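Chains as they are written, first to last, in the numbering used here: chain A, 29 to 123; chain B, 14 to 271.
All C-beta atoms, glycine included, are put in the ideal place defined by N, C-alpha and C.
This structure is a prediction, so every number in the text was calculated from the model and none was measured.
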Amino acid sequence: MERKEWPLWEIFVRSKNGLDHKHCGSVHATDARMALQVARDVYTRRQEGVSIWAVRAEDIVASDPDAKPELFDPAEDKIYRHPTFYKLPDEVDHM
Amino acid sequence: MGAPAMTQTTPAHLEYVLRLGDAALIHGQRLSEWCGHAPVLEEDLALANMALDFVGQARMLLSHAGVLEGKGRDEDTLAFLRHEGQYRNPTLCEMPNTDFAHTMIKGFLLGSFNLLMWSRLCGSSDEALAAIAAKSLKEARYHVEHTGDWVIRLGDGTEESHRRAQAALDMLWPYTNELFAANPTDDAAAAAGVGPAWSDLAEDWEKAVLAVLKHATLTVPARTPFQSYGKFGRHSEHLGHLLAVMQHLPRSFPGATW
Chain A
29 MERKEWPLWE
39 IFVRSKNGLD
49 HKHCGSVHAT
59 DARMALQVAR
69 DVYTRRQEGV
79 SIWAVRAEDI
89 VASDPDAKPE
99 LFDPAEDKIY
109 RHPTFYKLPD
119 EVDHM
Chain B
14 MGAPAMTQTT
24 PAHLEYVLRL
34 GDAALIHGQR
44 LSEWCGHAPV
54 LEEDLALANM
64 ALDFVGQARM
74 LLSHAGVLEG
84 KGRDEDTLAF
94 LRHEGQYRNP
104 TLCEMPNTDF
114 AHTMIKGFLL
124 GSFNLLMWSR
134 LCGSSDEALA
144 AIAAKSLKEA
154 RYHVEHTGDW
164 VIRLGDGTEE
174 SHRRAQAALD
184 MLWPYTNELF
194 AANPTDDAAA
204 AAGVGPAWSD
214 LAEDWEKAVL
224 AVLKHATLTV
234 PARTPFQSYG
244 KFGRHSEHLG
254 HLLAVMQHLP
264 RSFPGATW
């Protein structure tokens, strides 16, 4: 008999109103309803959240780990991109 | 002479609450047997969570029964130190686990009953019972959603899942007769406003359950005159074994805490 794995879902939980949904892990589930149910059982059983997002893992577009040098290294020596690089005139005071 | 005050506990009132408490306790114990054995991790946690919901309900209901009884018995004494014939759960609750489909069908049949029961008990003349009902109603909604979805997935799933779900339904269906059997305890409790006679829920229960079973492409077995009598204290051969496991620790080490 052919064994099929259930699809993988990435789970995001918002801990309280006003905060962002944060990635907290993943579950296997056959469909969206089930993904929310098991996410509720796995990740919010100790009152960790007020809202759950479930996203099919295969629908997430991720950057290529091998592309790290060209994507992220060039930012290393661009300290002028940080606001702290600039000296503000005294008159500006609390910015 | 005015109307009699509700402070006087009647034997029917106590019996009515014990039935609810024991149903939750025994169903919760059966669900807890799945811990570490479910087909997937996600469902293992779901089953354990549901088991804990029922054990939590049992704690509240048995504590309340102890107060109604007025003999100083607390939830633990009632849960762990009674004999088989003193339990008042419907026989359906004590049916042993076989496969996952069986547990989902059973959970759905019982859960649908609980959902109606708690929603009616929110208006109980017994305020403590009404408060327990309000809390339990939310849990029951989730139980019905989770088990009902599984009933549909399994029934309308593969050939094997359908076969197993149908076998479970055929096996368990006759035990639902007991839920709705009329009896004097229910009549007295209903008259006092404690809660509905369970038979009053039959029509709504059947409507709700049949809709899901139809969606699941399962064949509803014909009603038979079969009767079980767990809620009257006459149980199947299975309850004694369940109690042996459940009571072993508190009986071996009385008063143990951890």
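### residue 79(A) (DSSP reduced to helix, strand or coil)
strand
### Message
List, in chain order, every chain A residue whose beta-carbon is nearer than 8 Å to that of residue 224(B).
### Response
Near residue 224(B) there are no residues of chain A at all, since even the closest Cβ is about 17 Å away, more than 8 Å.
### Whole-number beta carbon distance between residue 252(B) and residue 97(B), since they are thought to touch under 8 Å
5 Å
### Query
Are the beta-carbon atoms belonging to residue 185(B) and residue 108(B) less than 8 Å from one another?
yes
### Task
With 7 Å as the C-beta to C-beta threshold (strictly closer), list the residues of the stretch 61 to 80 of chain A near chain B in chain order.
For the stretch 61 to 80 of chain A, residues whose beta-carbon sits nearer than 7 Å to a beta-carbon of chain B comprise 61, 62, 65, 66, 69, 70 and 73.
### Message
According to DSSP, is residue 50(A) part of a helix, a strand, or is it coil?
### Response
Looking at residue 50(A) - three-state DSSP - the assignment turns out to be strand.
### Query
Going by the beta-carbon positions, is the gap between residue 153(B) and residue 135(B) smaller than 8 Å?
no
### Message
If distances are taken between C-alpha atoms only, which option among 228(B), 39(B) and 45(B) comes closest to residue 175(B)?
### Response
228(B)
#### Entry: Below-8 Å beta-carbon distance, residue 85(A) vs any chain B residue
no
### C-beta neighbour in chain A for residue 250(B), strict 8 Å
no
### Message
For a quick check, are the C-beta atoms of residue 28(B) and residue 101(B) less than 8 Å apart?
### Response
yes
### Task
Check distances from the C-beta atoms of the stretch 32 to 59 of chain A to those of chain B and list, in chain order, the residues that come in under 9 Å.
34, 55, 56, 57, 58 and 59
### Task
In the DSSP assignment, find the unbroken alpha helix (DSSP H) run with residue 266(B) in it and report its ends.
Residue 266(B) -> no alpha helix (DSSP H), and no H or E assigned at all.
### Query
So, is the C-beta of residue 55(B) closer than 8 Å to a C-beta in chain A?
yes
#### Entry: Paired residues, beta bridge with residue 218(B) - DSSP
BP columns for residue 218(B) are empty, so no partner.
### Query
Can you name the start and end residues of the beta strand (DSSP E) that residue 38(A) belongs to?
36 to 42
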